[in-house]
Amino acid sequence: MADHSHAVENMVGFITAEAKEKANEIERDAQEVYTIEKQRMIESEKKKIKAEFERKEKQVSIEKRIKASNLAKDQRMRVLTERDALMKEMMALARQKLMAVTQSQGYSEVLANLIAQSVSEMKDEGKPMTVVGLAKDKQHLQNALPSATQKIRATGRTVSLSVSSEVLPNEDIGGVVVITSDGRTKAINTFKSREESVCVDLLPRFRKLMYGK
């Protein structure tokens, strides 16, 4: 009977020890799985945080570039607007002065100089030429022809000049267009063409004034 009781105790002891060992093994495995899963979750969160940070950093960089681009665009537009306003102001002032010239006593002589200059630029020897001007300038043109002819002859050239029946539009302000009788050669010396030429010449100055280069 004592042997039987001892055998039972041994069996119980063995089963208990084996159960503890199994429990410890399960606990170690669970701890290992927990540790691995915890590390995986930590790494996953780190990647998410890093990705979110990079996304926001990229977004901030893009927003900065957009703001800088818009600021530069606004600055260019402001400069261009100021330049255009200044240009218009200067051209309006120039137009007023040119209009004043057309109403001055010396306007006929101004036309004579423009006619002589036009003829000298054309280099068409011997061809009769007609002078076109504004309708309101007909009498000034007639007055200018003798002086213009004299100026041309002083250069050693001879030319036949007459006032054309055609007229220039009022937007040309004043001045002349000289045309050979065959219509093949033309010299434009209107006040408007001079105004446009001055405008082109002034652009680099305005650019330097506005941009400093």
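If you want the numbering used here, it's the 1-based position in the sequence shown plus 1.
Backbone N, C-alpha and C define an ideal beta-carbon position, used for all residues, glycine too.
Predicted model only: the values in this text are computed from it and were never measured.
Whole-angstrom distance between residue j and residue i, CA atom to CA atom
i: E19; j: A52; result: 49 Å
i: D138; j: L81; result: 37 Å
i: D85; j: V201; result: 13 Å
i: S148; j: A113; result: 6 Å
i: N25; j: K57; result: 47 Å
i: F15; j: M42; result: 40 Å
i: E83; j: K65; result: 27 Å
i: E167; j: E90; result: 32 Å
i: V179; j: L72; result: 50 Å
i: M78; j: S45; result: 49 Å
i: S70; j: S62; result: 12 Å
i: Y1; j: T17; result: Residue 1 lies beyond the range of the chain shown here (2 to 214); nothing can be said about it.
i: K47; j: D30; result: 25 Å
i: Q106; j: K193; result: 20 Å
i: E10; j: K23; result: 20 Å
i: K39; j: M12; result: 40 Å
i: T186; j: V199; result: 24 Å
i: F54; j: Q60; result: 10 Å
i: I37; j: K49; result: 18 Å
i: E28; j: K21; result: 10 Å
Inter-residue CB distance, residue i and residue j (contact presumed, cutoff 8 Å)
i: L169; j: T191; result: 6 Å
i: V164; j: L135; result: Not a contact, Cβ separation roughly 12 Å.
i: V102; j: V111; result: 6 Å
i: S182; j: N144; result: That pair is no contact at about 22 Å.
i: L99; j: G184; result: The Cβ separation is near 27 Å, so there is no contact.
The alpha helix (DSSP H) enclosing residue i, as first and last residue numbers
i: N171; result: From DSSP, N171 is part of no alpha helix (DSSP H); its letter is neither H nor E.
i: V160; result: Looking at the DSSP string, V160 is not in any alpha helix (DSSP H), and its letter there is neither H nor E.
i: T150; result: K139 to R154
i: S121; result: Y108 to M123
Span of the beta strand (DSSP E), counted from its first residue to its last, around residue i
i: T131; result: M130 to L135
i: G176; result: G176 to T181
i: T191; result: K187 to T191
Nearest candidate by alpha-carbon position, reference residue i, set the options
i: T156; options: V102, E64, E122 and G107; result: E122
i: E196; options: R154, Q104 and M88; result: M88
i: H141; options: I116, I153, I180 and K65; result: I116
i: V177; options: T150, A188 and S45; result: A188
i: I153; options: K124, I63, Q106 and I50; result: K124
i: V133; options: N171, S105 and Y35; result: N171
i: Q118; options: V160, E22 and K59; result: V160
Legend entry - Cβ contact check for the segment 123-132 and the segment 89-103: 3 or more pairs under 8 Å: no
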